[in-house]
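One structure below.
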Amino acid sequence: MNYDFNAIEEKWQEYWSDHGTFQAKNNSDKPKYYVLDMFPYPSGAGLHVGHPLGYIASDIYARYKRHQGFNVLHPQGYDSFGLPAEQYAIQTGQHPAITTETNIARYREQLDKIGFSFDWSREVRTSNPEYYKWTQWIFIQLFESWYNNDTNQAEHIDTLIAKFEAEGNASVNAVCDEDVETFTAEEWNSASAKAKQELLLKYRLTYLAETEVNWCPALGTVLANDEIVNGVSERGGHPVVRKKMTQWSMRISAYAQRLLDGLQYIDWPQPLKDSQTNWIGRSKGASVQFKIKDSEETISVFTTRPDTIFGVTFMTLAPELDLVKEITTPEQKAEVDAYIEATAKRSERERMADVKTISGAFTGAYAEHPFTKEPIPIWIGDYVLAGYGTGAVMAVPCGDQRDWDFATHFNIPIKNIFDGVDISEQAYAEKDATPLKDSDFLNGLAYKQALPKAIEALEKLGAGKGKVNYRLRDAVFSRQRYWGEPFPVYYVDGMPQMIDAAHLPIHLPEVEKYLPTEEGEPPLGRADVWAWDIQANAVVSNDKIDHETVFPLELNTMPGWAGSSWYFFRYMEKALRDEAFASEEAMEYWQNVDLYIGGSEHATGHLLYSRFWVKFLKDRGFAPVEEPFKKLINQGMILGTSAFVYRIEGENKFISAQSKKDLSVQPIHAPVEFVNASDELDVEAFKNWRPEFKDAEFVLENGVYKVGREVEKMSKSKYNVVNPDDICEEYGADTLRMYEMFLGPLEQAKPWNTAGITGVHNFLKKLWKLYHQVDKAGNLGDFEVSDVPASKEAMKTLHKTIKKVQEDIENFSFNTSVSTFMIAVNELAAAKCNNREVLEPLAVLISPYAPHIAEELWSLLGHDESIATASFPDFDEKHLVESSKEYPISFNGKMRFTMELPLDLSKEEIEKAVRAHEKTQEYLGGREPKKVIVVPGKIVNFVG
1 MNYDFNAIEE
11 KWQEYWSDHG
21 TFQAKNNSDK
31 PKYYVLDMFP
41 YPSGAGLHVG
51 HPLGYIASDI
61 YARYKRHQGF
71 NVLHPQGYDS
81 FGLPAEQYAI
91 QTGQHPAITT
101 ETNIARYREQ
111 LDKIGFSFDW
121 SREVRTSNPE
131 YYKWTQWIFI
141 QLFESWYNND
151 TNQAEHIDTL
161 IAKFEAEGNA
171 SVNAVCDEDV
181 ETFTAEEWNS
191 ASAKAKQELL
201 LKYRLTYLAE
211 TEVNWCPALG
221 TVLANDEIVN
231 GVSERGGHPV
241 VRKKMTQWSM
251 RISAYAQRLL
261 DGLQYIDWPQ
271 PLKDSQTNWI
281 GRSKGASVQF
291 KIKDSEETIS
301 VFTTRPDTIF
311 GVTFMTLAPE
321 LDLVKEITTP
331 EQKAEVDAYI
341 EATAKRSERE
351 RMADVKTISG
361 AFTGAYAEHP
371 FTKEPIPIWI
381 GDYVLAGYGT
391 GAVMAVPCGD
401 QRDWDFATHF
411 NIPIKNIFDG
421 VDISEQAYAE
431 KDATPLKDSD
441 FLNGLAYKQA
451 LPKAIEALEK
461 LGAGKGKVNY
471 RLRDAVFSRQ
481 RYWGEPFPVY
491 YVDGMPQMID
501 AAHLPIHLPE
511 VEKYLPTEEG
521 EPPLGRADVW
531 AWDIQANAVV
541 SNDKIDHETV
551 FPLELNTMPG
561 WAGSSWYFFR
571 YMEKALRDEA
581 FASEEAMEYW
591 QNVDLYIGGS
601 EHATGHLLYS
611 RFWVKFLKDR
621 GFAPVEEPFK
631 KLINQGMILG
641 TSAFVYRIEG
651 ENKFISAQSK
661 KDLSVQPIHA
671 PVEFVNASDE
681 LDVEAFKNWR
691 PEFKDAEFVL
701 ENGVYKVGRE
711 VEKMSKSKYN
721 VVNPDDICEE
731 YGADTLRMYE
741 MFLGPLEQAK
751 PWNTAGITGV
761 HNFLKKLWKL
771 YHQVDKAGNL
781 GDFEVSDVPA
791 SKEAMKTLHK
801 TIKKVQEDIE
811 NFSFNTSVST
821 FMIAVNELAA
831 AKCNNREVLE
841 PLAVLISPYA
851 PHIAEELWSL
861 LGHDESIATA
871 SFPDFDEKHL
881 VESSKEYPIS
891 FNGKMRFTME
901 LPLDLSKEEI
911 EKAVRAHEKT
921 QEYLGGREPK
931 KVIVVPGKIV
941 NFVG
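Residue numbers for the sequence shown follow full-length UniProt numbering, so the first one is 1 and each next one is one higher.
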């Protein structure tokens, strides 16, 4: 009976689906274990072989924990809102929901073929209104909350209003906007309803504010920093500019310290923790106020080195600050305006990364030094960002490299840090010199003494105070897109009002096109039915808006990270609920994710935002945990081996890789399916691939054209994608699963090489062969397993395999497990082992890695239940303890033969047994040796 992997895999995938084999139970008597993969976005391209790597690893672990007796939750779903589907809708007119549904069907088909043990009964789609109802609900809870620094948690906004009504805000210790002024209870109680709402927006955890954003005119939307590459949009390569817009923001900065503190309680890779620590950016120093000469305005700066204030010789403001236009003198206006316009074309990421370019403009205004009262020129420079700190820095060129470079470039004075003595002449004479480092003028001890003294001096002067600052900024939460969660918000007199939770979800409306309107409004501005009737509690036609009972709805939608910040709670329920996003009972049982596997690229996006939302939900009593993911593993990337052809510059003529050395050539990616294992290009297929190559000339060598090869990211644009469907069809899903693990350590990047997959496939055929009759010609017969006890050698092989595989799985060293299986099968085949005592536990051992073949063998072994219900084999050390020893038998120090003897024999028994051996008699030749040396467990030596 041959190994028909296609039939076997189809059979068991159907069985798992029909029997709900992997459906987890809530409130089981078994201990719980929650395994989760990062939410996939269902793109139109489908999966390539790099995508399943993390899924295979999590599936192995989930199956292993089931074998260990755990109630395992291993769900899957789709992060199904997103820009790609919207862009496709813009190009084709097809509704994004249709595109998304098609893509999901393709993903599901591919995932099922690989044999994952997902609990599909709990599938989540963020674009499902029954799901985003609860994303809208969480948004409302954030709007209705503020952060109380005294209790160090979020509270309902009603508790803040009560404080305002009773005593004003003088004693309120809250995270809020910096421009909040002190008011009394009387002033609050006499304020208009609109004034109260405007003030509360400065405290709410989600709020409206005018914010600098990355605006992409071609896409008609705001982009996050990680959606921009080299100053253009990652999708489409369109220009991006900085622009001020009124946006919804999330006050994640309120949780900065708790997000830092929480890192010590979770088992995450240290580089990922370091990324979040650096992104949050805690620093201790002082807030310093500089008065602007001839103005009522002041400039506030945060500095970690207030003790260097005597070295300040200029100030630099972010070009986008409103204050810049207010203080710029008429003489400097043209230069400043031109610089601001140029800066708007550079993304924040570019400005942060660029340490070489020195540019700026003088505003013509001056600030006053708090101590010396000397005038300090105020410049603008794009190395200062409005969103970081206060958007202003006090420049100390003698103590900071970038300030030094700026000062020397624009010939600004440079002063000694200690006493403010001008040292410009010396500095400019040594243009290539570097500024003093901290160690040059202050050792660690001196700094600890100087910092509090500097803060004390500033506080006495009324020019500053000590402060802990965070680099983390509030997260912009608006997107000018169609395909996203609608906000549950309508506007009365320009102020946002929340729709009552009882009327959620607010569904996306129909629009004629998915582009911004001609007036620049987001796509929802094209909706004809997009107004809120407060009497009918329903979305109604826009022509009914009267600003009395019918009001306009929010036109922006939520960003992609909204739905992915809480989806792990949604999986805890077996069905969508109307009364809660997940029941208290389900959350108390599952708590949080025990193992989360996904990419490190989400370190400062999804992983930070989800931690923020979970802490908020815990504060408000909606969730039982502070952290969403206990243990996290970043899987490495599977790289593609790209193929290149080489076109001679200026000609439609291609030369092979070996002949291009001295020529000017343009490398062009060739689809890997046109190239064979010997790197030979199917020239005709390539010519027919694109019209411009139809008449191309190829210079052949020995009748073939050889491509160049390069390992790089697997991507559709590089034509190096390998489809897992093709691998499953030719070799089987079990082969794909084991080969991806065999490529190398889970966390490391590794190149894909299809040529190596045959070895893994041959291993599975050897495994199959162990359980079947084999004739002298090597042909497979019927399934046959013996019930007689196994040999010691076979039991030893089994138990050393159990030990190694268990250690490997628990250490996530899946690649070494595959090697262990190969060794085990080779040893068992050599020993001609077909004993149930060995082969039954072996099937369970390999089941997490190759579940289809394991299920088939388990069934053939006579079991009615799925192998998923079988217990993981117990390791018994006694099978690895040696009971005998192969002794070297020597005569006059020369080893002549070996003899296996039990280890528990005495010296006398060993000598007696060796003397009785026929070879001993042969070597002694009837002579009695002078001496017999016996060292138990080591040697036997006959002397003389």
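Idealized CB from N, CA, C, for every residue including glycine.
- Query: Does DSSP put N634 in a helix, in a strand, or in coil?
  - Reply: The sequence position of residue 634 within the sequence shown is 634, counting from 1. In the three-state reduction of the DSSP assignment, N634 falls in the strand class.
- Message: On the criterion of 16 or more Cβ atoms from any shown chain inside 10 Å, does F164 qualify as buried, or is it exposed?
- Response: Here residue 164 refers to the residue found at position 164 when the sequence shown is read from its first residue. Counting Cβ neighbours within 10 Å, F164 comes out buried, since at least 16 surround it.
- Message: For a test of the three-state rule: what should DSSP assign to S664, helix, strand or coil?
- Response: Looking up residue 664 in the sequence shown gives position 664. Residue state for S664 is assigned as coil, using DSSP reduced to three classes.
- Task: Return the bridge partner residues of N214 from the DSSP annotation.
- Result: Within the sequence shown, numbered from 1, the residue matching residue 214 stands at position 214. Residue pairing from DSSP places N214 in a beta bridge opposite L223 and R242.
- Item | Sequence-distant residues of its chain with Cβ nearer than 6 angstroms to S478 (five each side left out) | Within the sequence shown, the letter at position 478 stands for residue 478. Once the five neighbours on either side are set aside, the close Cβ partners of S478 are Q247, W248 and N556.
- Spell out a yes or no on whether the stretch 865–873 and the stretch 815–833 are touching, meaning 3 or more CB-CB pairs, one atom from each, closer than 8 angstroms. In short, these stretches do not touch, since the Cβ pair count stays below three.
- Which of the three DSSP states, helix, strand or coil, is assigned to N443? The residue you call residue 443 lines up with position 443 of the sequence shown. Residue placement at N443 is poorly supported in this model, since its pLDDT is 45, which falls under 50; the coordinates still yield a value, given next. Under the three-state reduction of DSSP, N443 is assigned to coil, being neither helix nor strand.
- Task: Answer with yes or no whether the minimum CB distance from R125 to chain B is below 7 angstroms.
- Result: Included in the structure is just one protein chain, with no chain B present.
- Item | Whole-angstrom distance between L632 and Q276, CA atom to CA atom | By one-based count along the sequence shown, residue 276 stands at place 276. By one-based count along the sequence shown, residue 632 stands at place 632. Near 14 angstroms, if we compare the C-alpha coordinates of L632 and Q276.
- Query: Of all the options G387, V396 and I727, which has the alpha carbon lying nearest to the alpha carbon of K318?
  - Reply: As a first step, residue 318 must be located in the sequence shown, where it is residue number 318. What sits at residue 318 in the sequence shown is Ala, not Lys. That would be G387, whose Cα lies nearest to the Cα of A318.
- Can you give the Cα-Cα distance for D904 and A913, rounded to whole angstroms? Taking the first residue of the sequence shown as 1, we reach residue 904 at position 904. Taking the first residue of the sequence shown as 1, we reach residue 913 at position 913. CA-to-CA, the gap between D904 and A913 works out to about 13 angstroms.
- Buried versus exposed call for P505 [16 or more other C-beta atoms within 10 Å across all chains shown]: Translated into positions along the sequence shown, residue 505 becomes position 505. P505 is buried by the Cβ-count criterion.
- Item | Per-residue burial, P452 [other beta carbons within 10 Å of its own, 16 or more giving buried] | Locating residue 452 in the sequence shown gives position 452, counting from the first residue. P452 counts as exposed, since fewer than 16 other C-beta atoms from the protein chains shown sit within 10 angstroms of its C-beta.
- Message: Need the endpoints of the alpha helix (DSSP H) that T303 sits in, please.
- Response: Reading the sequence shown from its first residue, position 303 is the one you call residue 303. For T303, there is no enclosing alpha helix (DSSP H); the residue is found in the beta strand (DSSP E) stretching over T298 to T303.
- Query: Smallest Cα separation from F22: which of A57, R63 and L36?
  - Reply: Translated into the one-based positions of the sequence shown, residue 22 becomes position 22. It is R63.
- Please work out which residues of its chain come closer than 6 angstroms, Cβ to Cβ, to W279, disregarding the five sequence neighbours upstream and downstream, and give them in chain order. Within the sequence shown, the letter at position 279 stands for residue 279. Around W279, the same chain offers T604 as residues with beta carbons nearer than 6 angstroms, after the five sequence neighbours per side are excluded.
- Out of curiosity, what's the CA-to-CA distance linking N469 and N149? Translated into the one-based positions of the sequence shown, residue 469 becomes position 469. Translated into the one-based positions of the sequence shown, residue 149 becomes position 149. Approximately 15 angstroms, taken between the alpha carbons.
- Message: I need the straight-line Cα distance from L260 to L142, nearest angstrom please.
- Response: In the sequence shown, the residue the question calls residue 260 occupies position 260. In the sequence shown, the residue the question calls residue 142 occupies position 142. Those two C-alpha atoms are separated by around 21 angstroms.
- Query: Ordered along the chain, which non-local residues of its own chain (more than five positions away) have a Cβ less than 6 angstroms from that of T343?
  - Reply: One-based indexing of the sequence shown puts residue 343 at position 343. Answer for T343: P319 and D382, listed in chain order.
- Query: How should M1 be labelled, buried or exposed, when 16 other C-beta atoms within 10 angstroms of its C-beta is the threshold for buried?
  - Reply: As a working note, residue 1 is residue 1 in the sequence shown. Around the beta-carbon of M1, fewer than 16 other beta-carbon atoms lie within 10 Å, marking it exposed.
- Task: Measure the Cβ-Cβ separation of I378 and A365 and say whether it is below 7 angstroms.
- Result: Taking the sequence shown and counting its residues from 1, the one referred to as residue 378 is at position 378. Taking the sequence shown and counting its residues from 1, the one referred to as residue 365 is at position 365. A Cβ-Cβ contact shorter than 7 angstroms links I378 with A365.
- Query: For the beta strand (DSSP E) that R709 lies in, which residues bound it at each end?
  - Reply: Residue numbering aside, residue 709 sits at position 709 when the sequence shown is read from its first letter. For R709, the enclosing beta strand (DSSP E) has its first and last residue at G708 to K713.
- Query: Should M572 and A586 be called a contact, given that it needs their Cβ atoms to be closer than 7 angstroms?
  - Reply: Position 572 of the sequence shown holds residue 572. Position 586 of the sequence shown holds residue 586. Yes, Cβ-Cβ distance for M572 and A586 is below 7 angstroms.
- Message: Is it buried or exposed, E485, if we count other Cβ atoms within 10 angstroms and call 16 or more buried?
- Response: Within the sequence shown, residue 485 is the residue found at index 485, counting from 1. Taking every protein chain shown into account, the CB of E485 has 16 or more other CB atoms within 10 angstroms, so this residue is buried.
- Would C176 pass as a contact of K196 if the rule is Cβ separation under 7 angstroms? As a working note, residue 176 is residue 176 in the sequence shown. As a working note, residue 196 is residue 196 in the sequence shown. Contact flag unset, no.
- Item | Own chain, CB closer than 8 angstroms to M498, minus 5 neighbours either side, in chain order | Looking up residue 498 in the sequence shown gives position 498. Correct list, in chain order: I140, F143, E144, P488 and V489.
- Query: What residue range is occupied by the uninterrupted beta strand (DSSP E) comprising L901?
  - Reply: Here residue 901 is taken as the residue at index 901 of the sequence shown, counted from 1. Start and end: K894 to P902.
- Do you know offhand how far E837's Cα is from T758's? The residue given as residue 837 occupies position 837 in the sequence shown. The residue given as residue 758 occupies position 758 in the sequence shown. Straight-line Cα distance between these residues: approximately 29 angstroms.
- Query: For the putative contact between E86 and Y482, defined by C-beta atoms under 8 angstroms, what is the C-beta separation to the nearest angstrom?
  - Reply: On the sequence shown, residue 86 is found 86 positions in, with the first residue counted as 1. On the sequence shown, residue 482 is found 482 positions in, with the first residue counted as 1. That pair is a contact at about 6 angstroms.
- Query: Where does N103 fall in DSSP's three states?
  - Reply: Numbered from its first residue, the sequence shown carries residue 103 at position 103. N103 carries a helical assignment under DSSP once its states are collapsed to helix, strand and coil.
- With DSSP as the reference, label W483 as helix, strand or coil. Within the sequence shown, numbered from 1, the residue matching residue 483 stands at position 483. W483 falls in the coil class under three-state DSSP.
- Task: Check E155 in the structure and name its three-state DSSP category.
- Result: Stepping through the sequence shown from its first residue, residue 155 is reached at position 155. For E155, the secondary structure class from DSSP, reduced to helix, strand or coil, is strand.
- Reduced DSSP category for M558 - H, G, I as helix; E, B as strand; rest coil: In the sequence shown, residue 558 corresponds to position 558, counting from 1. If DSSP states are grouped into helix, strand and coil, M558 belongs with coil.
- Task: Please list, in chain order, all residues of the same chain as V172 whose beta carbon is under 8 angstroms from its beta carbon, the five residues on each side excluded.
- Result: To locate residue 172, count along the sequence shown from 1; it is residue 172. Within the same chain, V172 has close Cβ partners L160, K163 and F164.
- Query: Once you ignore the five residues that flank Y3 on each side, which residues in its own chain have a CB closer than 6 angstroms to its CB?
  - Reply: The residue you call residue 3 lines up with position 3 of the sequence shown. Within the same chain, Y3 has close Cβ partners K765 and W768.
- Task: With DSSP as the reference, please indicate the residues paired to P505 in a beta bridge.
- Result: For this step, residue 505 is matched to residue 505 along the sequence shown. Paired residue(s): none; P505 is not in a bridge.
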